[in-house]
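Asker: Here it is, the structure, as structure tokens.
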Amino acid sequence: MAQSPAHDSDAILAAARASLKDQQAGGRRVEGKALGKRSLALRRAEAKRKAMMLAFGLVALGFALQVASALLSGLLDLIPILTKGAVVVGLVIAIIGLMRQKPLAVPSLDTLRSAKPKALVAQTQLWLEAQRPALPAPALDVVGRIGGQLDSLALQLDRADDAAPALAQVRQLVGEHLPGLITTYTAIPPALRREAHAGASPDEQLTQSLTTISAEIDSVTRQMAEGKLDALAIQSRFLDYKYGEGDAG
Amino acid sequence: MASTPTPLEAPTITLTPPEPVPVVAPAQVAGLVPLAPEQKGKLESKVDSFVADLIAQDANSPEFGKRVDQLTTMGRKEIAAAAGMSNRFLDRPVRAMDKDQGVGTNLIELRRTVEALDPAKSGKLSPGKKLFGIIPFGNSVQKYFDGYVSAQGHINAILDKLASGKDELLMDNAAIDVERQKLWEAMGNLEQMTHISQKLDERLEEVSHDLDISDPAKAKAIRESALFYTRQRTQDLLTQMAVTVQGYLALDLVKKNNVELVKGVDRASTTTVAALRTAVTVAQALTNQRLVLQQITALNTTTANIIDSTSSLLKEQTSQIHQQAAASTIPVETLQRAFQNIYDTMDSIDTFKIKALDSMKQTVTTLSAEVEKSKGYIARAQGGSSAQAAPDAPGLLSLES
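Each protein sequence line maps, in turn, to chains B and G. The working numbering numbers the first residue of the first sequence as 1 and each following residue consecutively. The working numbering numbers the first residue of the second sequence as 1001 and each following residue consecutively.
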């Protein structure tokens, strides 16, 4: 140990910089953040639903109390006081109940497997969000990238024909292979995840495989966009034939 | 054309049916798509580094096996891409034949309508009587030209259909152009992979020769696994290349066929419109009354715009028709010649279509047989895909890196 730590200053500084960047981006506390636009939309829909439920509950409560006080009015002077108390208690119970509810049910593996390709992307994003705490840092980067890629894939899926052959590919890739890979990884005891096994550590293997999946999602997205690219090229060629300078040959 | 003795005779139209596409053997296709020297240099350096990396490994190690796995899947993406395209373009010639049928039906209908108007069929228009300057069978001539007025809507509709049929043919050709462009790129990629696999073959052969004395076990391993798979892959790549080249040529055949057919449709429309114009002029000369074919007059302008290549011909003819019909003593013959032009055009389209259909059918048969043959190879390529994802040397034998 002749080397003083000062020899590693570059490495230390680089690590510090990376750590700072990581922390500024939310660090490991990113569970609450949406991975992509689709899962964000699902969360917003859920929040809206809850707000609606709260509003509806309050209206119903107020109505019930109105009816009750109308029926019992004149019987006791205590009624108005009881009514006010009931309103306050009801409000508190409703708010606590809604707050204690889980943010949004995380889809199970079976849900992912049987989901329709067009709804699949949002579900997978939600599922991935729930898996983030269990993943190593380098894999998290790739997962973040996959989240963005899934968004652009979803745009293509929205416009795709239901019978398009790429849909089956997407279902398998996003609904089976990706969750399957992460489930297999999380089944490994955390202590063993850094140890080399069959040539590489599980952490490395996971990151590598996620990169492969990310590349495949990209290629499927390209493949699906190709039809539209072709259509435009054909259209402009046709216009050139029909109205352009060149002859029909 | 103005100086020809019979100015109304449109230049004879020749529609050349394209030749059927011959069978392309895998041995012929290597080097068909030229590679730039610097491209070759880049590919060869890739091969060299792969071979150097391979012989650095122990012949029994899993690392060696991983690199051999790369060889079995070499060019998988390129083959799959080209195969996907050839499956798509297989139905092109068939669809083209269907489209021909659509245009053909319209042409037959046009012919039937035109034949009903043919002055040769109604023998009442004898030019001799006109010499006296009176109209001897005024009523019958009138009746004959009335036929035009009632037929014009029908003819107009047919010409419209022909014009939209022509648009379809042009659209088809635009699609073929794009497809051919993409096929050309796919062929370029296949060519590069073939170059890699052929160079690998050479280099592995050399290396195993050198190792024969120093490390015979490794030399044997290289020959039995690496070299074996490389040769198999070369065969796969060349087979796919042959099919792709054949498809490329077949697309060209369909395109040429469409171009000829477009010419035919153009000419059929032009000659028909010319005949109708002639009829208008002749009617005036014979009956001294204006035959008003409103729909056809409207069509004249549009047709002239649609048929750019023949509009000048049409314009020239119009002035000639006027001169001839007004000056000549035989206006009915002028009209008959105009009809003859329509028939000639349609006959040449018919002859063309028979020959083109033959070429097309022959091409489809060859192409289907070749695609079928190559499917066996493609299946092998797909089967090998399970061995992919060798994480250590990504892109070593792929084109993008």
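Glycine included, C-beta positions come from ideal geometry on N, C-alpha and C.
Specify the secondary structure class of PRO1007/G as computed by DSSP and reduced to three states.
Answerer: For the purposes of this step, residue 1007/G is taken as residue 7 along the second sequence, with counting starting at 1. With a pLDDT of only 42 at PRO1007/G, under the threshold of 50, the placement of this residue in the model should not be trusted, and no figure is reported.
Asker: Within 7 Å: the Cβ of ALA168/B and any heavy atom of the ligand COA?
Answerer: Looking for the ligand COA in the displayed structure turns up nothing, as the structure carries no ligands at all.
Asker: Does any C-beta atom of chain B lie closer than 8 Å to the C-beta of LEU1170/G?
Answerer: The residue labelled residue 1170/G in the question sits at position 170 within the second sequence. So yes, LEU1170/G belongs to the interface.
Asker: Taking 8 Å as the CB-CB limit, is MET52/B close to chain G?
Answerer: Taking the first sequence and counting its residues from 1, one reaches residue 52/B at position 52. So no, MET52/B is outside the interface.
Asker: Using the three-state DSSP reduction, which class does ALA200/B fall into: helix, strand or coil?
Answerer: Taking the first residue of the first sequence as position 1, residue 200/B is located at position 200. Of the three classes helix, strand and coil, the one that applies to ALA200/B here is strand, per DSSP.
Asker: How close, in whole Å, do the beta carbons of GLU1370/G and ALA1242/G come, if the pair is a contact with beta carbons under 8 Å?
Answerer: The count along the second sequence starts at 1 and reaches residue 1370/G at position 370. The count along the second sequence starts at 1 and reaches residue 1242/G at position 242. Contact holds; Cβ gap of about 7 Å.
Asker: Taking 8 Å as the CB-CB limit, is ASN1173/G close to chain B?
Answerer: Numbered from 1 along the second sequence, position 173 holds the residue referred to as residue 1173/G. So yes, ASN1173/G belongs to the interface.
Asker: Can VAL121/B and VAL174/B be called in contact, C-beta distance under 8 Å?
Answerer: Translated into positions along the first sequence, residue 121/B becomes position 121. Translated into positions along the first sequence, residue 174/B becomes position 174. Yes, these two residues count as a Cβ contact at 8 Å.
Asker: Please report how far the alpha carbon of LEU1159/G lies from the alpha carbon of ASP1358/G, in whole angstroms.
Answerer: Counted from its first residue, the second sequence places residue 1159/G at position 159. Counted from its first residue, the second sequence places residue 1358/G at position 358. Those two C-alpha atoms are separated by around 27 Å.
Asker: Taking only three categories from DSSP, how would you classify VAL1033/G?
Answerer: Stepping through the second sequence from its first residue, residue 1033/G is reached at position 33. Coil.
Asker: For chain G, is any of its Cβ atoms less than 8 Å away from the one on ARG237/B?
Answerer: Stepping through the first sequence from its first residue, residue 237/B is reached at position 237. Chain G contact via Cβ: present.
Asker: VAL1149/G CB to nearest chain B CB: under 8 Å?
Answerer: For this step, residue 1149/G is matched to residue 149 along the second sequence. Answer no: the Cβ-Cβ gap between VAL1149/G and chain B never drops below 8 Å.
Asker: Do PRO1017/G and PHE1352/G have their C-beta atoms closer together than 8 Å?
Answerer: For the purposes of this step, residue 1017/G is identified with residue 17 of the second sequence, where counting begins at 1. For the purposes of this step, residue 1352/G is identified with residue 352 of the second sequence, where counting begins at 1. Their beta carbons are under 8 Å apart, which means PRO1017/G touches PHE1352/G by this criterion.
Asker: If I'm right that VAL1103/G touches VAL1265/G with Cβ under 8 Å, what's the distance once you round it to whole angstroms?
Answerer: As a working note, residue 1103/G is residue 103 in the second sequence. As a working note, residue 1265/G is residue 265 in the second sequence. So it is a contact: roughly 6 Å between Cβ atoms.
Asker: I'd like the span of the alpha helix (DSSP H) that includes SER114/B, first residue to last.
Answerer: Locating residue 114/B in the first sequence gives position 114, counting from the first residue. Note, SER114/B: alpha helix (DSSP H), 109-114.
Asker: First and last residue of the alpha helix (DSSP H) that includes GLU176/B?
Answerer: Within the first sequence, residue 176/B is the residue found at index 176, counting from 1. Run containing GLU176/B: none; DSSP gives neither H nor E here.
Asker: Taking 8 Å as the threshold (beta carbon to beta carbon), is ASP1167/G in contact with chain B?
Answerer: Along the second sequence, one-based indexing puts residue 1167/G at 167. Taking Cβ atoms only, chain B reaches closer than 8 Å to ASP1167/G, which makes this a yes.
Asker: Is SER1269/G helix, strand or coil by DSSP?
Answerer: The residue labelled residue 1269/G in the question sits at position 269 within the second sequence. SER1269/G: helix per DSSP, three-state reduction.
Asker: Just verifying my parser: in three-state terms, what is the DSSP assignment at ILE182/B?
Answerer: Start at 1 with the first residue of the first sequence, and residue 182/B comes out as number 182. Helix.
Asker: Counting C-beta neighbours from all protein chains within 10 Å, is the total for ARG159/B 16 or more, i.e. buried, or is it exposed?
Answerer: What you label residue 159/B is simply residue 159 of the first sequence in a count that begins at 1. By the 10 Å Cβ count, ARG159/B comes out exposed.
Asker: Would you kindly work out how many angstroms separate the C-alpha atoms of VAL1282/G and LEU1162/G, rounded to a whole number?
Answerer: Working through the second sequence from its first residue, we reach residue 1282/G at position 282. Working through the second sequence from its first residue, we reach residue 1162/G at position 162. Straight-line Cα distance between these residues: approximately 26 Å.
Asker: How should ASP1048/G be labelled, buried or exposed, when 16 other C-beta atoms within 10 angstroms of its C-beta is the threshold for buried?
Answerer: In the second sequence, the residue the question calls residue 1048/G occupies position 48. ASP1048/G is exposed by the Cβ-count criterion.
Asker: For PHE1145/G, count neighbouring C-beta atoms within 10 Å of its own C-beta (all shown protein chains included) and say buried if the count is 16 or more, exposed if not.
Answerer: Translated into the one-based positions of the second sequence, residue 1145/G becomes position 145. With 16 or more Cβ atoms within 10 Å of its Cβ, PHE1145/G is classed as buried.
Asker: My output table needs one value for GLN1057/G: the three-state DSSP class, helix, strand or coil.
Answerer: Reading the second sequence from its first residue, position 57 is the one you call residue 1057/G. Coil, per DSSP.
Asker: Using only CA atoms, which one of LEU71/B, SER69/B, ALA11/B and LEU135/B lies nearest to THR183/B?
Answerer: The residue you call residue 183/B lines up with position 183 of the first sequence. The option with the nearest alpha carbon to THR183/B is LEU135/B.
Asker: Run through chain B and tell me which residues come within less than 7 Å of ASP1177/G, C-beta to C-beta.
Answerer: The residue labelled residue 1177/G in the question sits at position 177 within the second sequence. The contacting residues are ARG237.
Asker: Tell me, to the nearest whole angstrom, how far the beta carbon of LYS1263/G is from that of LEU1015/G; I am working on the premise that it is less than 8 Å.
Answerer: Within the second sequence, the letter at position 263 stands for residue 1263/G. Within the second sequence, the letter at position 15 stands for residue 1015/G. Yes, they are in contact, since the Cβ atoms of LYS1263/G and LEU1015/G sit about 6 Å apart, within 8 Å.
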